[in-house]
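For reference, the structure is listed below as structure tokens.
There are 2 protein chains.
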Amino acid sequence: MNNSQGSTPAKPAAPRAHKGYRSRRPRPKVKQPVPQNKPSVSVIPLGGVGEVGKNMTVIEYGDDIVVIDAGVKFPGEELLGIDLVIPDITYLVENVSKIRGIFLTHGHEDHIGALPFVLRQIQVPIYGTRLTLGLVKNKLTEHGLMRDAQLHEITADDIINVGSLELEFFRVNHSIPDGIGIAVRTPVGLIVHSGDFKLDQTPVDDKVLEFSKLARYGDEGVLLFICDSTNVERPGYTPSERTVGDTFRSVFAKTQSRIIIATFASNVHRIQQVINTAAEFNRKVAVVGRSMVTVVDVAQQLGYLTVPKGMLVETEEVDRLPDNQVTIITTGSQGEPMAALTRMATNNHRQIAIREGDTVIISATPIPGNEKLVARTIDNLFRIGADVVYKDVAMVHVSGHAAQQEIKLMLNLLRPKYAIPFHGEYRHQTTFSKLAQTMGIPADHIIRCNIGDRIEFNAEQGQITGSVEAGAVMVDGIGVGDVGNIVLRDRHHLAQDGVVIAVVTIDKENGTILAGPDLVSRGFVFVREAGDLLGEAKSKVREALTTRTAANTTEWSILKNLIRDTLNEYFYLKTKRRPIVLPIIMEI
Amino acid sequence: MNNSQGSTPAKPAAPRAHKGYRSRRPRPKVKQPVPQNKPSVSVIPLGGVGEVGKNMTVIEYGDDIVVIDAGVKFPGEELLGIDLVIPDITYLVENVSKIRGIFLTHGHEDHIGALPFVLRQIQVPIYGTRLTLGLVKNKLTEHGLMRDAQLHEITADDIINVGSLELEFFRVNHSIPDGIGIAVRTPVGLIVHSGDFKLDQTPVDDKVLEFSKLARYGDEGVLLFICDSTNVERPGYTPSERTVGDTFRSVFAKTQSRIIIATFASNVHRIQQVINTAAEFNRKVAVVGRSMVTVVDVAQQLGYLTVPKGMLVETEEVDRLPDNQVTIITTGSQGEPMAALTRMATNNHRQIAIREGDTVIISATPIPGNEKLVARTIDNLFRIGADVVYKDVAMVHVSGHAAQQEIKLMLNLLRPKYAIPFHGEYRHQTTFSKLAQTMGIPADHIIRCNIGDRIEFNAEQGQITGSVEAGAVMVDGIGVGDVGNIVLRDRHHLAQDGVVIAVVTIDKENGTILAGPDLVSRGFVFVREAGDLLGEAKSKVREALTTRTAANTTEWSILKNLIRDTLNEYFYLKTKRRPIVLPIIMEI
């Protein structure tokens with residue numbers, strides 16, 4: 001765990017200007033010769049391996065570093081009070097002069113969310129496709145970082161040369177449009193990073209994953225394939241996004257009431273399908289929820305969302321429309337306490353309240369850890385008398401990640417010498433390894449690495465040769481890295497049994513008690529019930545201190561321990577709980 | 001939420017002795033006449049409706065009350081520090097003289113776990129089948145409550161008359177042996193409570209659910225069916241427990257390494273299948289984990305588990321056996337931090353450590369809320385190099401609850417006039433209602449009730465006519481009900497942002513500051529990072545207090561508010577966090 005302060009950024013050396021990029025540059029016909037005396041190429045994941053979240057991969061050759069993605073991770077419930085977790089980028093700060101750019105595969109938070117924190121420490125160029133950059137701009141504007149940002153829009157057909165590295169891109173399918181994978185041509189060999197991908201044969205935007213480029217890479221020879229492994233446990237294929245559209249259509253067809261659909265704000269294709277279905281059934285669409293409004297705005301402006309004229313209505317207009325003309329698309333598919341659907345379901349939303357007879361489609365599956373929140377929302381909706389369509393009863397969501405058959409196809413197209421599973425916990429890495437072995441890749445060519453590992457490849461072989469400073473940095477409020485394990489341990493302890501503070505004012509000359517002991521508690525016992533308990537505890541402390549006075553100790557640490565031990569013992573005896581006991585001694 | 005103290009039990013009136021029970025009493029051939037002038041019968045759920053857990057149902061006719069089950073609920077993560085949740089039994093305490101007995105459907109914690117707390121408040125007879133009572137005895141012995149316990153063993157063929165009520169029982173299939181449903185014959189009509197059930201056509205103990213009794217009840221006429229609704233969202237049938245045995249067999253057949261199987265301790269049939277498979281493949285079995293050892297002991301003693309001679313070995317012997325003769329059956333299938341498998345997977349178990357090459361079967365699905373814990377255990381096992389067989393990759397678990405087709409069969413057998421879904425959240429209640437309507441039961445005859453509702457039935461109709469005091473009582477350590485919403489709210493607040501204590505000693509005559517202000521924090525910021533923050537905060541408080549002194553205020557509440565406001569504002573400005581601020585003023 002890293003506790004370094006983010007508020008005093010290292011002074012970065014000015015990054016070398018990247019050498020520009022050209023559109024549709026013909027792919028070189030000859031393979032790069034594998035250099036024998038040149039240094040090797042290293043891959044260093046700074047996040048996203050052995051975990052799902054905060055994706056960040058460093059590719060380093062000589063004096064050139066490219067970084068793929070800069071994501072956040074949302075904290076599990078065990079990280080009490082933490083807002084976000086970001087990668088520790090010490091290695092990037094130390095090597096800022098080498099960094100040629102951060103290349104973004106797509107606009108999900110676990111790939112772009114750490115950018116504001118990264119850019120406060122290092123100023124480097126950012127490359128991304130149009131929609132990805134659209135979302136990045138929004139984020140950087142919010143953080144007041146747009147002025148100095150060096151954003152470079154790319155398309156999947158661009159080729160970019162930075163130092164000794166050449167980057168190509170290929171379009172992938174995912175649960176957000178404009179996703180790409182990245183091929184990094186190094187003097188040692190070709191490294192292909194899948195990005196987050198699935199193969200959708202019938203994508204909503206008709207843009208199928210670019211098989212042909214992958215086939216060409218395979219022919220050229222792939223040194224290393226870094227592959228999305230999130231769904232590697234699932235046999236078969238991930239269904240097409242269009243299957244969700246079919247569900248929408250069947251629900252709309254039989255419904256005369258208002259229809260409210262909650263989904264991930266970033267799933268523009270899903271939103272497009274809502275809009276298409278609404279159009280088909282003569283309904284208007286209102287967009288609710290801050291992030292949903294933002295994404296719909298950005299996606300529309302940039303041409304990723306096609307909305308018929310007059311289709312979108314303001315939230316206030318909803319009440320003026322007949323029920324069978326209303327569609328509301330909203331955030332809150334994860335039951336997040338502050339999200340719009342959650343509020344609508346508890347009558348806490350400023351504008352919309354779910355009513356009896358409404359039909360609510362929760363077009364998502366709960367992210368692990370959110371199951372109970374989602375269940376609570378569904379329950380609240382049912383209590384109101386809404387009809388709820390959710391994953392247990394209908395095909396309302398498909399994953400954005402490749403299942404086994406898609407990963408196999410990818411491996412067959414690329415025929416990589418080495419493979420690294422990313423975007424997965426250790427069990428995904430292991431399952432990927434088994435699957436890749438069935439495709440003929442030797443076990444020691446499938447590298448299950450940890451955050452910070454340096455995996456080094458030369459012409460002969462690839463292996464983990466060391467590690468760099470890396471890990472997780474916690475963000476809480478404004479603070480970046482000022483909450484570490486000690487603070488978290490205290491929060492856990494406080495959460496379990498609360499806190500009792502014991503204050504006593506003593507005469508610093510002779511240790512006489514001048515005031516107190518006073519006891520104050522929070523989160524320990526209900527005070528009305530606990531009157532006797534705290535009263536008795538106070539006597540115990542006084543007694544202990546009085547006995548002590550005979551020994552004439554005015555040593556603070558001894559007094560504090562005495563108070564702490566007395567209270568710990570007494571409270572455990574009486575309640576079997578162990579609140580944090582904080583003795584405070586005031587001297588006069 | 002009820003905050004009444006459990007530690008001072010109401011003095012119970014001695015319950016009337018039950019009128020005894022007879023085995024195999026022939027069922028009366030004539031229907032009970034529906035009385036016109038007699039009082040109605042009431043059903044009052046004290047737990048288990050609108051929730052999964054702490055099942056407890058009261059059936060009341062005139063001066064006679066029978067209670068079905070007395071379960072606990074395991075707290076969600078939001079109930080910080082809480083160990084257990086039990087039903088508020090105020091209504092039972094107030095009506096103790098009417099209670100003819102608590103009838104247990106089976107030995108799961110959510111049906112028997114509250115007994116120790118209940119029996120400390122009311123002394124009433126307990127009825128249950130042999131295995132159920134075996135588990136109850138264990139529990140009551142642990143709590144030192146066996147001396148006064150009135151336990152009555154029943155079989156599914158017994159008929160028991162208590163006051164004006166007659167109780168019959170019918171065998172059901174469930175994920176623990178010896179489960180029963182209960183038919184309560186009242187002067188108003190027959191009430192059938194399903195218990196937790198599934199229909200297993202090929203149960204491990206060959207004891208199929210007693211269809212014939214249900215058919216007879218149907219012919220007799222059923223006023224009300226109280227039905228397990230946990231799996232009502234699932235179409236089709238719940239698979240037979242034997243399908244898990246098939247998975248075990250296929251894993252054992254191809255494995256030469258040690259096999260470790262984690263499952264629910266109470267699933268005796270599952271344990272039986274492990275033992276059978278081990279026998280088939282010439283392996284021994286070691287039993288690990290406190291609750292697993294207890295259940296295997298009790299089940300063996302009572303004849304619910306058949307173990308070939310010499311099959312079970314002590315844990316110490318495991319290391320002396322060749323790997324291909326070792327089976328270990330253990331707790332920890334939910335990733336519980338203190339359970340045996342969790343410890344084995346982190347090398348924290350006293351006797352067993354998982355090794356590379358071991359095969360671990362997690363024969364369970366995560367209970368909602370435990371997903372992350374289970375995922376962490378699987379990950380740890382993979383990291384060690386174990387082969388892990390879990391629900392995502394094999395058929396390692398089946399549910400113990402009926403799916404839609406089974407519930408429909410039950411409804412067709414019983415043809416009840418009214419139905420109440422229990423053992424389900426509101427969405428299960430609603431889905432049950434829809435399903436029952438498709439079977440011809442009118443919507444207003446399917447009652448989705450809340451805890452504490454009194455549902456009253458007479459010859460003409462059934463409806464909710466009122467409610468009794470009821471709810472959830474939280475158990476934390478020894479304390480029963482001394483942690484309520486205020487304490488929990490504080491624990492949440494403490495968990496989010498920690499606590500800052502500000503102490504100042506003042507002269508009570510003129511308000512001069514004699515010592516302090518001193519600030520102490522826990523769970524707020526890492527102290528090394530926060531030196532300046534707390535130092536600056538201290539000056540702010542001093543400044544505020546000094547200004548105040550001019551106004552000569554020595555009013556405590558004003559001073560405290562001044563300190564609190566000053567610190568809240570300062571901390572939020574600097575950190576965007578809101579720790580609990582506790583001002584303490586000492587006067588001399």
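Line by line, the protein sequences are chains U and V. Sequence positions in the first sequence follow the UniProt record's numbering and run 1 to 588. Sequence positions in the second sequence follow the UniProt record's numbering and run 1 to 588. Every residue, glycine too, gets a C-beta built ideally from N, C-alpha and C. Quick caveat, the model's predicted, so the values are computed rather than measured.
For residue i, three-class secondary structure by DSSP
i	result
V:Ile441	coil
U:His472	In the sequence under discussion, the amino acid at residue 472 of chain U is Ala, which differs from the His named in the question. U:Ala472 falls in the strand class under three-state DSSP.
U:Ile486	helix
V:Gln150	strand
V:Tyr570	helix
V:Ala353	coil
U:Phe248	helix
U:Phe211	helix
V:Ser433	helix
U:Arg25	Only weak support exists for where U:Arg25 lies, its pLDDT of 36 falling under 50; the coordinates are left without a value.
V:Ser467	strand
V:Pro125	strand
U:Ser521	strand
U:Ile478	coil
Outcome for residue i when other beta-carbon atoms lying within 10 angstroms are tallied against a minimum of 16
i	result
U:Ser333	buried
U:Val43	buried
V:Glu371	buried
V:Ile558	exposed
V:Gly535	exposed
U:Asp63	exposed
V:Arg350	exposed
U:Pro421	buried
V:Lys309	exposed
Proximity test, Cβ basis, 8 Å: residue i and chain U
i	result
V:Pro368	yes
V:Val581	no
V:Lys576	yes
V:Ala515	yes
Start and end residues, alpha helix (DSSP H) containing residue i
i	result
U:Ser363	U:Ser363 -> no alpha helix (DSSP H), and no H or E assigned at all.
U:Met338	No alpha helix (DSSP H) holds U:Met338; DSSP gives it neither H nor E.
U:Arg91	The sequence given here places Tyr at residue 91 of chain U; Arg does not occur at that position. Residues 90 to 94.
U:Val274	268 to 280
U:His423	It is not in any alpha helix (DSSP H) - U:His423 carries neither H nor E in the DSSP assignment.
Cβ of residue i within 8 Å of any chain V Cβ
i	result
U:Asp379	yes
U:Asp88	no
U:Gly477	yes
U:Ala375	yes
Nearest candidate by alpha-carbon position, reference residue i, set the options
i	options	result
U:Val251	U:Ile361, U:Thr306, U:Ile378	U:Ile361
U:Lys98	U:Glu77, U:Glu425, U:Asn348, U:Val66	U:Val66
U:Leu190	U:Glu569, U:Ala419, U:Pro442	U:Ala419
U:Leu519	U:Gly481, U:Glu460, U:Ile580, U:Val480	U:Ile580
U:Met439	U:Lys408, U:His492, U:Gly452	U:Lys408
V:Thr306	V:Asn324, V:Glu317, V:Leu321, V:Val285	V:Val285
V:Ile112	V:Gly76, V:Glu94, V:Gly47, V:Val96	V:Gly47
U:Tyr61	U:Asn510, U:Tyr570, U:Phe457	U:Phe457
V:Asp205	V:Ile384, V:Asp196, V:Val192, V:Gly179	V:Gly179
U:Asn173	U:Pro239, U:Gly50, U:Val93, U:Asn450	U:Pro239
V:Arg578	V:Leu494, V:Ile585, V:Arg376, V:Asp507	V:Leu494
U:Ile82	U:Val487, U:Gln463, U:Asp157, U:Gln325	U:Val487
Extent of the continuous beta strand (DSSP E) to which residue i belongs
i	result
V:Lys284	284 to 288
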